[in-house]
Amino acid sequence: MSSPQIATRDVPPRAVWALEQAGVHPLLARLFAARGIRSADELDDGLARLLPPDELLGAREAAMLLADTLQAGERLVVVADYDCDGATACAVALRGLAMLGAQPGTLQQIVPDRAVHGYGLTPTIVDLAMDRPEADRPRLLITVDNGIASLAGVAHARARGLRVLVTDHHLPACDASGAVTLPEADVIVNPNQPGCGFASKAIAGVGVMFYVLLATRAELRRRGAFDAASQPRLDALLDLVALGTVADVVRLDANNRRLVAQGLKRIRAGRMQAGIAALFAAAGRDPTRASAADFGFALGPRLNAAGRLADMSLGIACLLCEEPRRAAELAQALDAINRERREVESGMKDQAERLLERLMPQGEPPAALVLFDEDFHEGVVGIVAGRLKERLHRPTFVFARGGDGLLKGSGRSIPGFHLRDALDLVAKREPELLKKFGGHAMAAGCTLSADGVERFASALQQVAAEWLDAAALQRRLATDGPLDAASFEPALVRLLDAEVWGQAFEAPLFSDEVDVVNQRLVGEKHLKLSVRHAGTLRDAIWFGHTDALPPRVRLAYRLNIDEYQGRQRVQMVVEAAVPAGAA
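Quick note: the sequence shown uses full-length UniProt numbering, first residue 1, plus one each step.
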């Protein structure tokens, strides 16, 4: 594999000047300007700046449906997805509806088991909700973070007398002609359904549910259930919204950044759910210095592990728990499952590497990668696909055999290759190959027949060969250019960490030419470096890299604080390196 191309982002000088004049720190002004921020007004993360719920198609109708259900004291059931976004969306729904007046005992939940039920609202899930005594049956079914493609499940629910509210953010299904097909629910709230003008198309499933609650509160206020002074404070749910938004790796547009920023502020101030506090403790993270990275790399994986290897009901129970001691026990159980997930993932990565040797006889991967092994675990295929995509810069699908004998695959993509659209084209070219599929531009999933992996690999690689040219297949790292010596201070690193970074609003990545003074392996798989940067010796580490570097290189690196025996030192965390003078 060739080295990545290290590029420097364009920085509009007028935007930098405007931000600095508004009092923004000079380095932050440069970083924000390079990410499209043109004025300090865009950095206002106040709740008043959130997009209004009425702009979300279906939110008003959903509010009326929920208000009717709550005021009638009827039972309702929430059907969640089994990832972190689905878990937080379920917790937000149940907590929020209770705050809005749901009577005790009227709120139920069902979380599909990945291996048993598959994804989304299926007829089997509907029967689980309804096969109980008449007095305990729900009258309304709400999907969170799923449902937009569950045509059969919604139809079955309606046939059994349930009203159905779909809240989702995924792309709708299409028929053979490419026309969008929506489930026949009573109400659909999804910014990606036809006709919805909501500006934040990238809002996560938990964000959609939060907006439905905001609309419901407004409807109940119009009905006189409470006034502006006595209404429930739904902002108490924003720690959950922030966690689900970051963990789902959705695009951090202005609205999503505000949701995340508000959640982080609550957590840093100690105003969070007991389960969130317990997850911070289990991960060894300090909530007073909470960052978006904590959601993505510490809390999110612990919740996701439950859905991958066990039952996401455990994760939702942690998020709903009110008693700190019990929440701590649940968080520790999630931590143990996450450790097991790491072991499973490690074994799968080793096997995937052996499979790659056969796929890459010349050392260069094909335009798209498709891997399957009988020993792969269905719950971890997405993580392994993501790891391989990052290393090889190719659209990647990894498959495992499900309990029903079908192949369950998860894919991750690169810029320029819309994965869900690619699956749609494969489905048209290879009828009957894909039993079902769905997802986004950068992440998607599908189910194949028991012997369909070779046909799928051939079809996906053909689409990739048509859509991706040599430039798209070259990994490109966008950096923020060089960093002056004065910036290597713990206070500045903490300033950077306090901001909201994530998908499409990437964390700062700097690039500088340095002299490699010393290098050695630590833990047998990480390269520890001492480099001379701007005349000063600095510590650096490249995790997961073992090859030695030449005497002078250009590094792409992030900053972090290395704390040891009470001392704090700023170190470079290397993402890539190329020979000095190379782009």
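Ideal Cβ positions, reconstructed from N, Cα and C, are used throughout, including at glycine.
Here G452 is buried. Its C-beta has 16 or more other C-beta atoms within 10 Å.
For P172, the closest alpha carbon among the candidates Q193, I188 and G178 is that of Q193. The three-state reading of DSSP puts N190 in coil, since its state is none of H, G, I, E or B. Per DSSP, reduced to three states, the secondary structure at T181 is strand. Counting only residues of its own chain and dropping the five nearest sequence neighbours on each side, M99 has a CB closer than 6 angstroms to the CB of P232. Considering only H533, E563, V426 and C446, the residue with the shortest C-alpha distance to G178 is V426. In this model, T536 and A498 are separated by some 26 angstroms (Cα to Cα). Cβ-Cβ distances below 6 angstroms link S413 to P395, L419 and M442 in the same chain, with the five nearest sequence neighbours on each side left out; the list follows chain order.
Under the criterion of beta carbons closer than 8 angstroms, D373 and L388 do not qualify as touching, at roughly 13 angstroms. Of the residues R341, G315, Q273 and G307, the one whose Cα lies closest to the Cα of E322 is Q273. Only exposed fits R49, as fewer than 16 other CB atoms lie within 10 angstroms of its CB.
Boundaries of the alpha helix (DSSP H) around L27: P26 to A34.
The segment 431-449 makes no contact with the segment 338-355: fewer than 3 CB pairs, one atom from each, lie closer than 8 angstroms. Residue pairing from DSSP places L537 in a beta bridge opposite R532.
Judged by their CB atoms, D85 and G244 are nearer to each other than the 8 angstroms cut-off. The UniProt domain "DHHA1" (369-465) is shown to contain whole alpha helix (DSSP H) runs of 4 or more residues at 381-392 and 419-429, in chain order. Contact check for V249 against V500 fails: the beta carbons are separated by 8 angstroms or more. Contact annotation: L140 and L107 have beta-carbon atoms that are not nearer than 8 angstroms. The Cβ atoms of A328 and A281 sit closer than 8 angstroms to each other.
Bounds of the alpha helix (DSSP H) holding I267 are A254 to R268. Look at V500 here: in three-state DSSP terms it is coil, with no helix or strand label.
Closest by C-alpha distance to A333, out of A317, P133 and E20, is A317. A548 counts as exposed, since fewer than 16 other C-beta atoms from the protein chains shown sit within 10 angstroms of its C-beta. The shortest CA-to-CA distance from L320 to any of W17, V398, V11 and G275 is the one to G275.
As for any alpha helix (DSSP H) of minimum length 4 sitting wholly inside the segment 39-119, the runs are 59-71 and 84-99, ordered along the chain. Put simply, the backbone Cα of I148 is about 32 angstroms away from that of G36. Between M209 and V144, the C-beta spacing is below 8 angstroms. Under the criterion of beta carbons closer than 8 angstroms, F510 and T546 do not qualify as touching, at roughly 23 angstroms.
Taking a 10 Å sphere around the C-beta of Y211, we find 16 or more other C-beta atoms and assign the residue as buried. N190 and P52 have their alpha carbons spaced roughly 15 angstroms apart. When DSSP states are grouped into helix, strand and coil, R339 belongs to the helix group. Nearest in C-alpha terms to R132, of all of G101, G296 and V77, is V77. Contact check between the segment 509-524 and the segment 480-490: three or more CB pairs, one atom from each, fall below 8 angstroms, which counts as touching.
Y119 and P550 have their alpha carbons spaced roughly 48 angstroms apart. Membership of R221 in the alpha helix (DSSP H) is indicated by the continuous run G205 to R222.
Listed in chain order, the non-local C-beta contacts of G23 below 8 angstroms within the same chain comprise A40, local neighbours out to five positions each way being set aside.
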